Structures are given as structure tokens and as C-alpha cells.
Amino acid sequence: MLTASERALRLVRKPGAVEDACRFAELATSSCDGACREAVTLAATELAENLLKYCERTRGTFAGTLSILLDEKQVCIRSHNAVLADGDAEHVVALVSRIRATPGGARHLYRERLRELFEAPQLPRAQLGLLRLAYEGGFELKATFERPMLEVAAIRPALGAE
Amino acid sequence: MTEKMDEELKPNVPIRVGGFRIYLKSDSAVLLGGRLALQDGGREVAARLDELHHRVVTRKVGHFVVDVREVDFVNSSAIRFFVDWINKAKKNDYRLSFKIDPGVTWQRLSFSVLKSLAPETVEIHSLPAEVLEHVDCE
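Chains A and B supply the protein sequences, listed in that same order. Heads up: the first sequence runs through residues 386 to 547, numbered per the working numbering. Heads up: the second sequence runs through residues 2 to 139, numbered per the working numbering.
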């Protein structure tokens, strides 16, 4: 029987930071099945990339914190950081609300976003990360923004956890 | 989005960009492998895929095969590289066939949606992992 365990990683802006997040996810989910590990690695990578791209820059190289809470039923991966621009955080909160409010929304919204990128290749940002977490990873997403801190949580069953 | 690259892609000469591998098997087929995240040379990979597109157009290849079964993971930016490539293939009137491993979640789910962007341009072939051809890069 798995007991609840939580691990945290302080992510810093440096070469190899995303790889650090991947290794962190793999270690934290080593008792889970392949699909769960694959999903959490996806989430760790996308959330880490978002931390590195959108974190506030006056705290040295510190970008934010990734944490993973695993118990026998579910896994929750969470990112927590101060944001560079309020608009970025507000976009995240709005997108998560939209995913949660759209029935069967993840695939539909992912397809819709790919269609937008297909029809407008000049759009500057892909903004697919959270949609992939919901669609490919099967995560339920939550997001809160209390200036300047943004927290994103991604939760899914920990199938195969022993 | 072009980075300086030392050499152009040539058949049977695999190259590595960070953790990502590109192996042009012939004028009409490429094998991709490894993983691609933010710090793995995404811009150079984008430039290499663009190079492949121009190669296909220049050589008037009507049907190009992209084997992604050895790609363990790509970030969102890389998904966009495939969106852009499909767009260019459609505009230049050639077809792209992606070989995917249905056991890899991102390949199975993302390519089913990518095909829907241009069904007349994109083919998806789900193939068992045991027929994979492994390629070592220098």
C-alpha cells in the first residue's frame, strides 16, 4: 500500500532545468504504471517550461516550485511561481476555467487551438501546454492567481500505484 | 526561426540536435527520434524540418514519410512544428505520412488531431514497435 508522499523541486533558470523536472517526475512516480508516469512527465515538462518562460525575473535564477503529491488513488502535480506579467496568469486561469466548463472539452479545445495555429502560422505562442495536460495526460486542472503568485494544479488517477 | 547549421541533411547521415535525432533515410523518408523540450535546440529542429520541407518541394517528392515512433516526447512548440509542416505540405501539394507508435500516448492522441487539420494531406500509419529501425547518431 502506497502512503501519501509529496516531493518538491525548486526550479532555477539554467541549462538542463527541464531535464531536472523530468527526472524529478520520473523519480516521484516510479511506483506508478507507464501511462501515469508518461502523463506526469508531460505535465512536469510543460509546467517547468511555463515556469521558465513566464516567471518573474527579480529573484535571481529562481523560477518557481514544482511539487508532486502521490497517494494510492491520485497524483497531483503543482507549479507555483511569481509571474512576469499579470496578463499571462490571467490567461492561464481563464483557459483552465474554459477547459473545466467545456464538456469533453480537452480534445475539442486542443483541436480548436491547433486549427487556429494552422490557419494563422504567424501567431507568436503555441499555448498548447495546458490543453495537452488535459487532453493527452487526462488531468483535471485547477488554477489560482493571487498577484503575483500563480498556482496550477494537475490531478489524475494514479493507476498502477502499488 | 533559422539557426546556423553546419551541413545540409543528406540521406543516411544521421544528425543529432540536443536530445533529438534526425535521420534522412532517402529522398522520401525521414526517421525522427529522441525527445524535444525547451532547452533541446527547438529552433534548430524547426529549421531542420523546414529544410526537409524545402528538400521535398525542390525534388518534387509527392509523398513524404515521417517516422516518429522513436520520438519519446515533444513539447508544445514541437507539436506546432508539425502543424506548420502540414500547412506547408498542403500549400505545396504533397502528402505527409506519419508512422506512429499507438503505444505512445502523445503520438496516438496528437496525430489523430493533426490529421484532422488537413485529411487530404496527412496519412497516419499506426505500426507495432517491433518493426522500429534504431539509428545511432555520432
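Every residue gets a Cβ at the ideal spot worked out from N, C-alpha and C, and that includes glycine. Source: prediction; values computed, not measured.
Endpoints, alpha helix (DSSP H) assigned at residue i
i	result
ASN88 (chain B)	77-92
PHE503 (chain A)	490-504
GLU475 (chain A)	471-486
8 angstroms contact criterion, which residue i and residue j should meet: CB distance rounded
i	j	result
PRO12 (chain B)	SER27 (chain B)	6 angstroms
ARG532 (chain A)	ASP471 (chain A)	6 angstroms
LEU469 (chain A)	ARG498 (chain A)	Rounded, the Cβ-Cβ distance is 22 angstroms, inconsistent with contact.
VAL31 (chain B)	LEU25 (chain B)	5 angstroms
PHE82 (chain B)	ALA47 (chain B)	5 angstroms
GLY523 (chain A)	ARG541 (chain A)	5 angstroms
ARG96 (chain B)	THR122 (chain B)	6 angstroms
LEU432 (chain A)	VAL537 (chain A)	6 angstroms
Distance CB(residue i)-CB(residue j) smaller than 9 angstroms
i	j	result
CYS440 (chain A)	ALA428 (chain A)	no
SER98 (chain B)	GLN512 (chain A)	no
ILE80 (chain B)	ARG49 (chain B)	no
LEU436 (chain A)	SER464 (chain A)	yes
VAL66 (chain B)	VAL105 (chain B)	no
ILE87 (chain B)	ILE125 (chain B)	no
THR430 (chain A)	ALA393 (chain A)	no
VAL478 (chain A)	THR446 (chain A)	no
ALA539 (chain A)	TYR520 (chain A)	no
SER415 (chain A)	LEU454 (chain A)	no
Under the three-state DSSP convention, the category residue i falls into
i	result
GLU9 (chain B)	coil
PHE409 (chain A)	helix
THR450 (chain A)	strand
GLU547 (chain A)	Its pLDDT being 42, under 50, GLU547 (chain A) is placed unreliably by the model, and nothing is read from it.
LYS527 (chain A)	strand
GLY419 (chain A)	helix
ALA511 (chain A)	coil
Segment limits, beta strand (DSSP E) that includes residue i
i	result
SER29 (chain B)	No beta strand (DSSP E) holds SER29 (chain B); DSSP gives it neither H nor E.
LYS100 (chain B)	96-101
GLU124 (chain B)	123-127
For residue i: DSSP bridge partner residues
i	result
ASN435 (chain A)	Paired residues: none, contrary to the question.
VAL18 (chain B)	B:PHE21
ASP51 (chain B)	For ASP51 (chain B), which the question treats as bridged, DSSP gives no partner whatsoever.
GLU71 (chain B)	B:GLY34
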